[in-house]
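Notes for the one structure printed next.
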Amino acid sequence: EAGSIVLRPGSRAKVKFEFSQRPEYIRPGMRMLFRDGRVRGVGIITAVPDSGPAPIIVK
1136 EAGSIVLRPG SRAKVKFEFS QRPEYIRPGM RMLFRDGRVR GVGIITAVPD
1186 SGPAPIIVK
């Protein structure tokens, strides 16, 4: 993506991401470890956006 910031090993940054497979229970202050192929990251959750009320599914 044009204009993207590249993080190298040892770099520090605030990042925003979303879970792609299923929702996860997280809260500020929790430690986080993620990996996707050869990409890995560790950090601490600083904020969780309010997702609002759960959607109503009519079948």
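Mapping the sequence shown onto this note's numbering, position 7 (from 1) lands on 1142, and the numbers just tick up by one.
For glycine and all other residues, C-beta sits at the position ideal for the given N, C-alpha and C.
Taking the C-alpha atoms as reference points, what is the distance between residue i and residue j?
i	j	result
Pro1158	Ser1186	11 Å
Gly1172	Val1193	37 Å
Ser1146	Glu1153	20 Å
Lys1151	Ile1191	27 Å
Arg1143	Gly1176	11 Å
Ala1148	Phe1169	15 Å
Does DSSP put residue i in a helix, a strand or coil?
i	result
Gly1176	strand
Arg1162	coil
Arg1157	coil
Phe1169	strand
Name the one or two DSSP bridge partners that residue i has.
i	result
Arg1143	BP columns for Arg1143 are empty, so no partner.
Asp1185	Asp1185 pairs with nothing; no bridge assigned.
Looking at C-beta atoms only, is the number of pairs between the stretch 1159-1166 and the stretch 1179-1186 that lie closer than 8 Å three or more? yes
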